[in-house]
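Everything on this sheet refers to the single structure shown next.
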Amino acid sequence: MTVRELCAIEGVSLCYFDGSEWHSPGFFNPALKVLALDINLSEKDQKQVALHELGHKDHTQTQYELNRELCELQADRNMIHHLLEEELKTMDDVSEFNYIHFMERYNLKTIANETMVKDEYKTFIKRRK
1058 MTVRELCAIE GVSLCYFDGS EWHSPGFFNP ALKVLALDIN LSEKDQKQVA
1108 LHELGHKDHT QTQYELNREL CELQADRNMI HHLLEEELKT MDDVSEFNYI
1158 HFMERYNLKT IANETMVKDE YKTFIKRRK
């Protein structure tokens, strides 16, 4: 699925900006329902950032101010869930999934990311049974 298709499904507008001098590769504005992405990113990176930022879609400003780390973790889990689901659906044998290769491909480096990848994989496998 492309970023444009993802935005259409989520009911948000998509815009691009030059992030060369910006602190973040993307952001989501809930008031305007706009997802903004750095045009300099590869398509793969744009999709990854889009999935993360759309994970903030239901966060309120107050929630984010009170518990920024939780909101960021929830957004990361949203991204991991969708990327993993997409990858596993293309595999003939999901038991051959290598979470380390997956993490390297998407530059996921934290223990929290590793835990999320493993949890999402286990959940996917349980749903298939």
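Read in order, the letters of the sequence shown correspond to residues 1058 to 1186 in the working numbering.
From the three backbone atoms N, C-alpha and C, an ideal C-beta is built for every residue, glycine too.
Values in this document were obtained by computation on a predicted structure and should not be read as measured data.
When the alpha-carbon of Val-1106 is set against those of Tyr-1156, Glu-1122, Tyr-1073, Arg-1125, the nearest one is in Tyr-1073. Boundaries of the alpha helix (DSSP H) around Asp-1176: 1168-1185. Note on geometry: alpha-carbon atoms of Thr-1172 and Leu-1127 lie some 15 Å from one another. For Gly-1083, the three-state secondary structure derived from DSSP is strand. In the structure shown, Asp-1095 adopts extended strand secondary structure according to DSSP, grouped into three states. Nearest to Glu-1110 by alpha-carbon distance, out of Thr-1119, Asp-1149, Glu-1067, is Glu-1067. The C-alpha of His-1116 lies about 17 Å from the C-alpha of Cys-1064.
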